[in-house]
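Everything in the sequence shown is counted per our numbering, starting at 65 for the first residue and increasing by one.
Below is one structure, written out as structure tokens; comments come after it.
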Amino acid sequence: MDTKHIHIKDFDYELPDERIAKFPVAQRDHSKLLVYNKGKVGDDMFFNIASYLPKGALMVFNNTRVIQARIHFRKETGALIEVFLLEPAIPADYEQMFQAKGTCSWLCMVGNLKKWKEGTLRRTFQVKGHDITLTAIRRGEQGTSHLIDFTWDCESLTFADILEGVGELPIPPYLNRETQDSDKVTYQTVYSKIKGSVAAPTAGLHFTDEVLHSIDASGIEREELTLHVGAGTFKPVKSDEIAGHAMHTEYICVSRNTLERLIAHDACAIAVGTTSVRTLESLYYIGARLADNPDASEEQLHIDQWEPYDTHPALTPVEALRNVLDYLDRNGLNALHGSTQIIIAPGYEYKIVKMLVTNFHQPQSTLLLLVSAFVHGDWRKIYDYALAHDFRFLSYGDSSLLIP
């Protein structure tokens, strides 16, 4: 199959607005679970998921945490300007960024840009008992993003403190509603740890501590990695063929321990969510790149959109993961830091992911292409069943377990 010439219209289906879940169910693990097992489709409740997983398997979760990335400023003219944080610029490291004091810079999207031609935006608020003035100055453009300098007048407060005080959690645009206080809890996974995403890895929203305990009790091992979900996850495919769609870049971090556990499981994993899929599959191509360039810099550990289709590495998934582990050893690192632009679509051959937990995705989306590739084109059977059996769709909707 020539993946680049796939027509996105072939991945359309009718999704009535009333099937889009505007809010989650009252108890996370009481969502419905569609089970697709080698062509057969059935349903259950999510809290029973452990009973479908093979004992001794390795389940991999994305532990990213959604930040309050939306900041509103009001100009003296009354115009409301929305600044949406996309990616840290100075400092560029996520961990360092959230510890920055007094000043920092981000690449952002700007809402109502025509009303902010020049000048400084200001907003005053209280955080941790301090009266704070936050300022924003637009310094230039990088592609479609704007480089914005932020300063605040209390150097004992970190930028993480500032966001807690003034930022708003960015729920998905297709929910067509304002963010509510409840979203601060329900739009985070119970195991979220590492701040950096502007959208939740929503397959993980169904897990509770009780479900995680049941997974442990069933003899299934758990590991975590980090992919910071970017706003590009909502970017629609506007080209007729997917060759014309530019995938967004997302930053990944995988610990030495996770790599070792993957190798111990013969490079086989159950992925929780498409973000875990993108990270795990990118590891294979990072390992292949290191086979050719063992001394690659972090900037060179970036997987391009079409790399899996333009290159055909001869090494096994375990060999690829060992290359990554060797790279960490040579450089005295405890974790791999890289980035990926990978697009997974029909024609892609999965290297590491053997089972997938995921929600139901938008029509004509890259995530639906990923699912189709995973179930060998059988996505329509799954979605027809979900629509006919009252499953709830998208971020706050129900879940599926896919076993190809």
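Using N, Cα and C, we set each Cβ at its ideal position, and we do this for glycine too.
Remember, it's a predicted structure, so these values are computed and weren't measured experimentally.
Can you give me the Cβ contacts of residue i inside the same chain, cut-off strictly under 8 Å, excluding the 5 residues immediately before and after it?
i	result
Ile-58	Shown here, the chain extends from 65 to 468; a query on residue 58 therefore has no answer.
Arg-241	Lys-86 and Ile-235
Asn-127	Thr-253, Tyr-255, Ser-256, Lys-257, Ile-258, Glu-288, Leu-289 and Thr-290
Quick test of your reading: residue i and residue j, contact by CB under 8 Å. State the CB separation rounded to the nearest angstrom.
i	j	result
Leu-420	Val-341	6 Å
Ser-261	Val-147	The Cβ separation is near 17 Å, so there is no contact.
Thr-339	Val-293	6 Å
Phe-75	Leu-432	5 Å
Gly-229	Phe-189	6 Å
Ala-114	Ile-284	7 Å
Ile-407	Gln-369	5 Å
Thr-67	Tyr-412	7 Å
With a threshold of 7 Å on Cβ separation, who are the neighbours of residue i within its own chain once the five nearest residues in sequence on each side are excluded?
i	result
Leu-344	Val-124, Ala-333, Ala-335, Ile-416 and Val-417
Tyr-116	Val-99 and Leu-465
Using 10 angstroms around the beta-carbon of residue i, count the other beta-carbons present and answer buried if the total reaches 16, otherwise exposed.
i	result
Asp-304	exposed
Ala-409	buried
Gly-103	exposed
Gly-207	exposed
Asp-280	exposed
Gln-132	buried
Ser-95	buried
Thr-404	buried
Thr-197	exposed
Pro-118	exposed
Gln-426	buried
Asn-176	exposed
Asp-273	exposed
Arg-134	buried
Quick check: residue i and residue j, are their CB atoms within less than 8 Å of each other?
i	j	result
Ser-209	Leu-269	no
Thr-313	Leu-289	no
Gly-337	Glu-362	no
Lys-257	Leu-221	no
Phe-223	Met-173	no
Ala-352	Thr-375	yes
Leu-227	Ala-153	no
Phe-87	Tyr-460	yes
Arg-325	Ala-399	no
Ala-295	Ala-264	no
His-235	Asp-247	Per the sequence shown, residue 235 should be read as Ile rather than His. Contact: yes.
Ala-307	His-71	no
Tyr-391	Leu-354	yes
In chain order, what residues of the same chain have a beta carbon less than 6 Å from the beta carbon of residue i, not counting five sequence neighbours either side?
i	result
Arg-83	Phe-457
Thr-199	Thr-184, Arg-186 and Thr-215
Ala-267	Val-336, Gly-337, Val-421, Thr-422 and Asn-423
Phe-455	Lys-96 and Asp-462
Arg-286	Met-123
His-309	Val-301 and Ser-303
Ile-201	Thr-184 and Asp-213
Relative to the ligand MN, is the shortest distance from any of its heavy atoms to the C-beta of residue i smaller than 7 Å?
i	result
Glu-205	Summarising the ligand content, the structure contains no ligands, and the ligand MN is consequently not present.
Count the C-beta pairs between the stretch 160 to 179 and the stretch 215 to 226 that are closer than 8 Å, then say yes if the count reaches three, no if not.
A contact is defined here as three or more CB-CB pairs under 8 Å, and the stretch 160 to 179 meets this definition with respect to the stretch 215 to 226.
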